[in-house]
Amino acid sequence: MKTTWIPTPPNHTGETPPTYPLKRVQVTKTHWLEFSLNTPPWEIHRSVLLFLAKLAIQRSKLPLFLSGITAALQYGAPAWNQHNTIYLGTSTGTNNQNTIGCYHGASPEKPTIKPTLIKRQHKNYPKDAVTLINGIPTLNAYLTVLELLCLTDPYEAFVSADGLARKTLKFNRFNKVAGIELWKRIIKDLEQYASTYFAKKYQQRLQSRLKLLDPFAESAAESAVRVALYQLGITNIESQKRVVINGKERFGDLYLPEYNTIIEIDGNEKYTSADSYADEKDREVSLTAAGFVVVRVNSKELRLPAFAQILAAKLHVPVPRKLKIV
Numbered sequence: 001m002k003t004t005w006i007p008t009p010p011n012h013t014g015e016t017p018p019t020y021p022l023k024r025v026q027v028t029k030t031h032w033l034e035f036s037l038n039t040p041p042w043e044i045h046r047s048v049l050l051f052l053a054k055l056a057i058q059r060s061k062l063p064l065f066l067s068g069i070t071a072a073l074q075y076g077a078p079a080w081n082q083h084n085t086i087y088l089g090t091s092t093g094t095n096n097q098n099t100i101g102c103y104h105g106a107s108p109e110k111p112t113i114k115p116t117l118i119k120r121q122h123k124n125y126p127k128d129a130v131t132l133i134n135g136i137p138t139l140n141a142y143l144t145v146l147e148l149l150c151l152t153d154p155y156e157a158f159v160s161a162d163g164l165a166r167k168t169l170k171f172n173r174f175n176k177v178a179g180i181e182l183w184k185r186i187i188k189d190l191e192q193y194a195s196t197y198f199a200k201k202y203q204q205r206l207q208s209r210l211k212l213l214d215p216f217a218e219s220a221a222e223s224a225v226r227v228a229l230y231q232l233g234i235t236n237i238e239s240q241k242r243v244v245i246n247g248k249e250r251f252g253d254l255y256l257p258e259y260n261t262i263i264e265i266d267g268n269e270k271y272t273s274a275d276s277y278a279d280e281k282d283r284e285v286s287l288t289a290a291g292f293v294v295v296r297v298n299s300k301e302l303r304l305p306a307f308a309q310i311l312a313a314k315l316h317v318p319v320p321r322k323l324k325i326v
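At the far end of the sequence shown sits residue 326, using the UniProt record's numbering, and the numbering has no gaps.
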């Protein structure tokens, strides 16, 4: 990866345009991508994968489209883990895999070469299952959600599926009441798609996970905490619990009615300034005064292998001898 200085286009005043430093990331031997210096690594990685996916589709003689986690990235859905694999679907070819390009790492002196694996899978979907997103053939959002729910890792499945459903339907805490009825109808459509287009080995997993899917979870961290709760056997969970305290509207991240507990997930953005920190503490005091038990979870704890056990200790609930399969 190299840093170059790129001038802005000339302006109408005739003044000398300023220059801005950009990162140049080598994707293949002949292709480079440019990013601003403050672009986070995960965004660079995502852009590289999507660029290579588009390149693979253009070079193929078969009609290919983005599917699975790669399609979710194209929609802008969050991902629990970074992958170096591109998933493509085809309705005319057979299953196959090969590599394309390479991702040169951050060190210009000794770049880390990571060949990108491409998995091409035959899909028996209807003709209208593929749509164009930013000029790239992509599996539609409904079928992509179902493919995500087929993933083995429940964290990967729910973080991306929740996020994709939320982005597609534009659900949030303020339109939740109206959104719940719409979501019930969509679930019926998803169940029909699942029984029609997916293999029998995925049927049980899809039917059980569709009941747990939550498009009102507002972050990847909320989805991850919900997975841990499911593993502990807690399934009665309400996202973005609305509470009115002294005429002021408050929202709790995750509400557990059986325990009268609100779980607050603390990301770094909540404590970027003194004002945001004070507001967060004021919210906790208000929720506690209203009679709720407030449990805080740090986003860093989510990545710990024993996170479910840590969460159980905070909630004062027993840890099952074996975590439930979600």
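Built from N, CA and C at the ideal position, the CB exists for glycine as well.
- In its chain, beyond the 5 residues on either side, no residue has a beta carbon closer than 6 Å to the beta carbon of Lys188.
- Following the DSSP letters along the chain, one finds Ile263 in no alpha helix (DSSP H) but inside the beta strand (DSSP E) bounded by residues 261 to 266.
- DSSP links Gln26 through a beta bridge to Trp32.
- Annotated three-state conformation of Arg242 is strand, per DSSP.
- CA-to-CA, the gap between Ala77 and Val227 works out to about 17 Å.
- Here Asn95 has Arg120, Gln121, His122 as same chain residues with Cβ atoms under 7 Å from its own Cβ, once five neighbours each way along the sequence are excluded.
- Bridge pairing for Tyr255: Glu238, Ile262 [DSSP].
- Look at Lys300 here: in three-state DSSP terms it is helix.
- With 16 or more other CB atoms across the displayed protein chains lying within 10 angstroms of its CB, Phe158 is buried.
- In this structure, Leu52 places its C-beta atom within 8 Å of the C-beta atom of Thr116.
- Per DSSP, the continuous beta strand (DSSP E) segment holding Thr131 begins and ends at 130 to 133.
- Contact between the segment 232 to 248 and the segment 283 to 297 is present: three or more C-beta pairs spanning the two stretches fall below 8 Å.
- Within the DSSP secondary-structure output, Gln121 pairs in a beta bridge with Gly89.
- Counting only residues of its own chain and dropping the five nearest sequence neighbours on each side, Lys54 has a CB closer than 7 Å to the CB of Ile136.
- Here Pro40 is exposed. Its C-beta has fewer than 16 other C-beta atoms within 10 Å.
- When the beta-carbon positions are compared, Ala129 and Leu88 stay at least 8 Å from each other.
- Runs of the beta strand (DSSP E) lying entirely within the segment 125 to 179, each at least 3 residues long, are 130 to 133, 136 to 139 in chain order.
- Remark: C-beta atoms of Leu149 and Ala141 do not approach each other more closely than 8 Å.
- Here the alpha carbon of Trp32 sits roughly 4 Å from the alpha carbon of Gln26.
- With a cutoff of 8 Å on beta-carbon distance, Leu73 and Leu37 are scored as not near each other.
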